[in-house]
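**Q** In full-length UniProt numbering, the protein residues as written are 1 to 240. Each residue gets a CB set at the ideal place from its N, CA and C atoms; glycine is no exception.
1. Candidates 146, 128 and 32: which alpha carbon is nearest residue 170's?
2. Drop a sphere of 10 angstroms on the beta-carbon of residue 240, count the other beta-carbons inside from all chains shown, and report buried for 16 or more, exposed for fewer.
3. Residues in its own chain within less than 7 Å of residue 235 by CB, not counting five upstream and five downstream?
4. What are the partner residues of residue 210, as DSSP defines its beta bridges?
5. Around the Cβ of residue 219, are there at least 16 other Cβ atoms within 10 angstroms (buried) or fewer (exposed)?
6. Considering only the alpha carbon of each residue, which of 10, 203, 119 and 191 lies closest to residue 175?
7. Answer yes or no: do residue 114 and residue 14 have a C-beta to C-beta separation smaller than 7 Å?
8. For residue 88, does the three-state DSSP call read helix, strand or coil?
9. Give the DSSP bridge partners of residue 18, in chain order.
10. Residue 57: buried (16+ other C-beta within 10 angstroms of its C-beta) or exposed?
11. On the DSSP bridge list, what partners appear for residue 135?
12. Please report the Cβ distance between residue 257 and residue 55, rounded to the nearest whole angstrom; I am assuming they are in contact, meaning their Cβ atoms lie under 8 Å.
13. Quick one: Cα of residue 99 to Cα of residue 33, how far?
14. Which residue from 8, 168, 76 and 25 puts its Cα closest to that of residue 36?
15. Can you tell me where the alpha helix (DSSP H) with residue 173 in it begins and where it stops?
16. State the DSSP-derived secondary structure class of residue 57, mapped to helix, strand or coil.
17. Just curious, the alpha helix (DSSP H) that residue 38 is in, first and last residue?
18. For the beta strand (DSSP E) that residue 81 lies in, which residues bound it at each end?
19. Compute the Euclidean distance between the alpha carbons of residue 152 and residue 71, then round it to the nearest angstrom.
As structure tokens, this is what we get:
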């Protein structure tokens, strides 16, 4: 039973989506820590035991799963579905476009994974209806931030870069994994720089590393950095 609380009424809640791969939840400790921090930011606490119990129940289904925990002041709810991403998605890569909606880098909400997700959901749907896989957001100053469901990396002038947190983005679990294993520079990236990037790839907890095949119709054939990182990630999760 779902309790009618501030999460249900006002979106005062947090969620995490955790991948189940090869019988284990990938980087579960990091997801639990981020969930705890987001709930603390929203001024309520969540029982880690209740979260883990929900995940263990969901994981009994087996396979490659996307397991979601939603926490509000009065609820811990677990749901799962098949992981929607597979090898053909990687082989093809994503087609992306720049969203006309701007991220508000002054809002503290952008740095937390809350239930205030309508911008992401609606822009993702609109992009897909136009034949794209993922919209990319700029902030109010015109700097790149992230995708609707993923963080952003680019190779510009031979340097791997990613928008810094001050640009207005959610610091993703996979983003952190990449930063720990590369010398990626965290800095503002303006739209013009992104438009001339040699390579762009996205990261999230379900697809890991995803190359961007095109941005605004411009082909991006290079995926050298993404290929190396994906090989390391597959080894990390035991799928290589």
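**A** A quick look at the data gives this:
1. Of 146, 128 and 32, the smallest CA-CA separation from residue 170 is found for 146.
2. Caution is warranted here: a pLDDT of 43 is assigned to residue 240, below 50, making its placement in the model unreliable, and no coordinate value can be reported.
3. In its chain, beyond the 5 residues on either side, no residue has a beta carbon closer than 7 Å to the beta carbon of residue 235.
4. Here residue 210 is bridged, per DSSP, to 202.
5. Exposed, since its Cβ has fewer than 16 Cβ neighbours within 10 Å.
6. Ranked by Cα distance from residue 175, the first of 10, 203, 119 and 191 is 203.
7. Yes. Within cutoff.
8. Three-state DSSP puts residue 88 in a helix.
9. According to DSSP, residue 18 shares a beta bridge with 67.
10. Its Cβ having fewer than 16 others within 10 Å, residue 57 is exposed.
11. Bridge partners of residue 135: 97.
12. This structure gives no information on residue 257, because the portion of the chain shown stretches from 1 to 240.
13. Taking the straight line joining both Cα atoms gives about 30 Å.
14. Ranking 8, 168, 76 and 25 by Cα distance to residue 36 puts 76 first.
15. Annotation for residue 173: the continuous alpha helix (DSSP H) segment containing it runs 173-181.
16. Residue 57: helix per DSSP, three-state reduction.
17. Per DSSP, residue 38 belongs to the alpha helix (DSSP H) from 28-41.
18. Segment 75-82, the beta strand (DSSP E) holding residue 81.
19. So the alpha carbons of these two residues sit roughly 26 Å apart.
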